[in-house]
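Worksheet for the structure shown next.
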Amino acid sequence: MKPAMETAAEENTEQSQERKVNSRAEMEIGRYHWMYPSSKNHQYHPVPTLGDRASPLSSPGCFECCIKCLGGVPYASLVATILCFSGVALFCGCGHVALAGTVAILEQHFSTNASDHALLSEVIQLMQYVIYGIASFFFLYGIILLAEGFYTTSAVKELHGEFKTTACGRCISGMFVFLTYVLGVAWLGVFGFSAVPVFMFYNIWSTCEVIKSPQTNGTTGVEQICVDIRQYGIIPWNAFPGKICGSALENICNTNEFYMSYHLFIVACAGAGATVIALLIYMMATTYNYAVLKFKSREDCCTKF
């Protein structure tokens, strides 16, 4: 029993000593505040330790910033913009030169009378002006769609904070969706129309290859192999001569105008096809952007309530 009683007594003495120390410290603090009243409102902040300090190595470096910026790039819109610019440039540039070469071939070989192909010349000249307008329009439209793709990515939200969608913004995004679908359907028609001169020049070229073949050269029916350009409807039936046969047709195929026009029409058709693919990618990108804005607007409405 003695050891237990002794330990209890020791614990009581230690607690009483601690109370004395605490009361003495409180008295000293009260005395200090009484002597210096301005020190009552003073707030003491703990000194940060080494572990709490921000290390320079913990701040994001150039590599992290580059990765963050690359994450905000709308790659679908970027690929579509590059493909659209390339396709429109090929279609407009090659188509413009090929149309000029076609007029030269018609004037020199198939329609010597200027009045017979006057309407065709006016139509081709009008198409060349339309090509200028198409190139300018798609240059601006591609930049606008690329900018919309940048501002609807999630990385913009991280870089510039929370963004609020408005009814006007959603309306503009929906307008881009509708306009892109209309342009996609229109360019399908342009792609089909650009294949017509390729088909015409291919028929002329294949006929020339038949004339050059050894089997045909050994017979007397070379002059009976002809190409009648009037059957395509680009010049009237009363145009003279309208039909070229034999060696004269072979000479046409050997000219630089025919060679250049044929290959330029092929490149222009390929450019129209690339533009169609770009517009299909734009359709998917603009539809996704509109869906993101629509979902964001619903999320904002839900958070308000």
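According to my numbering, the sequence shown is numbered sequentially starting from 40. The beta-carbon is built from N, C-alpha and C at its ideal position, and this holds for glycine as well. Source: prediction; values computed, not measured.
task: Count the CB pairs spanning the segment 115-130 and the segment 277-296 that are closer than 8 Å, and state whether there are at least three.
output: Taking 8 Å as the limit for Cβ pairs, the verdict is that the segment 277-296 does not touch the segment 115-130.
message: Among the candidates Ile316, Val136, His135, whose CA atom is the shortest distance from the CA of phenylalanine 230?
response: Nearest option by C-alpha distance: Ile316.
query: Between the segment 307-315 and the segment 232-244, do at least 3 Cβ pairs fall closer than 8 Å?
result: The count of Cβ pairs closer than 8 Å, one atom from the segment 307-315 and one from the segment 232-244, reaches three, so the stretches are in contact.
- request: Determine the direct distance from the alpha carbon of serine 252 to that of cysteine 284, and round the result to whole angstroms.
  value: Rounded to whole angstroms, the separation of the alpha carbons of serine 252 and cysteine 284 is 15 Å.
For asparagine 328 and glutamate 187, believed in contact at Cβ under 8 Å, the rounded distance: Their Cβ separation, rounded to whole angstroms, is 6 Å, which keeps glutamate 187 and asparagine 328 in contact under 8 Å.
query: Taking buried to mean at least 16 other C-beta atoms within 10 Å of its own C-beta, is serine 212 buried or exposed?
result: Buried: at least 16 other Cβ atoms inside 10 Å.
query: From the DSSP output, which residues share a beta bridge with cysteine 265?
result: According to DSSP, cysteine 265 shares a beta bridge with Cys284.
field: Coarse secondary structure for serine 245, derived from DSSP in three states
entry: Three-state DSSP puts serine 245 in a helix.
field: Nearest-angstrom Cβ-Cβ length linking tryptophan 226 and alanine 324, presumed shorter than 8 Å
entry: So it is not a contact: roughly 16 Å between Cβ atoms.
Rounded separation between alanine 137 and leucine 158 - CA only: Whole-angstrom Cα-Cα distance: 18 Å.
- request: Compare the C-alpha of asparagine 242 against each of Gln263, Tyr271, Val216, Met214 and name the closest.
  value: For asparagine 242, the nearest C-alpha among the options comes from Tyr271.
field: Range of the contiguous alpha helix (DSSP H) that encloses glutamine 270
entry: For glutamine 270, there is no enclosing alpha helix (DSSP H), as DSSP gives it neither H nor E.
task: Please work out which residues of its chain come closer than 7 Å, Cβ to Cβ, to isoleucine 268, disregarding the five sequence neighbours upstream and downstream, and give them in chain order.
output: Phe149, Ile274, Gly281, listed in sequence order.
query: Rounded to whole angstroms, how far is the Cβ of glycine 140 from the Cβ of serine 245, which I believe are closer than 8 Å?
result: Contact flag wrong, Cβ pair sits at about 19 Å.
message: If you follow the alpha helix (DSSP H) that glutamine 147 is in, where does it begin and where does it stop?
response: Counting along the chain, glutamine 147 falls outside any alpha helix (DSSP H), and DSSP gives it neither H nor E.
- prompt: Within 10 angstroms of its Cβ, does cysteine 123 collect 16 or more other Cβ (buried), or is it exposed?
  reply: Within 10 angstroms of the beta-carbon of cysteine 123 lie 16 or more other beta-carbons, which makes it buried.
message: Quick check on the DSSP output: what are the complete alpha helix (DSSP H) runs of length 4 or more inside the segment 121-187, in order along the chain?
response: Uninterrupted alpha helix (DSSP H) stretches at least 4 residues long and entirely within the segment 121-187 do not occur.
- request: With DSSP collapsed to three states, give me the class of threonine 191.
  value: Assigned with DSSP and collapsed to three states, threonine 191 falls in coil, not helix or strand.
message: Using 8 Å for Cβ pairs, my map puts glycine 223 next to methionine 322. What's the rounded Cβ distance?
response: Indeed they touch by this definition, with Cβ atoms about 6 Å apart.
- prompt: Where does isoleucine 233 land, buried or exposed, given buried means 16+ other C-beta within 10 angstroms?
  reply: Isoleucine is not the amino acid found at residue 233; the sequence shown has serine there. With 16 or more Cβ atoms within 10 Å of its Cβ, serine 233 is classed as buried.
- request: Give a yes or no on whether the C-beta atoms belonging to isoleucine 144 and phenylalanine 297 are separated by under 8 Å.
  value: Isoleucine 144 places its beta carbon less than 8 Å from that of phenylalanine 297.
task: Would you mind working out which of Asn152, Glu161, Ala174, Glu103 sits nearest glycine 132, comparing C-alpha positions?
output: Per the C-alpha coordinates, the member of Asn152, Glu161, Ala174, Glu103 positioned closest to glycine 132 is Ala174.
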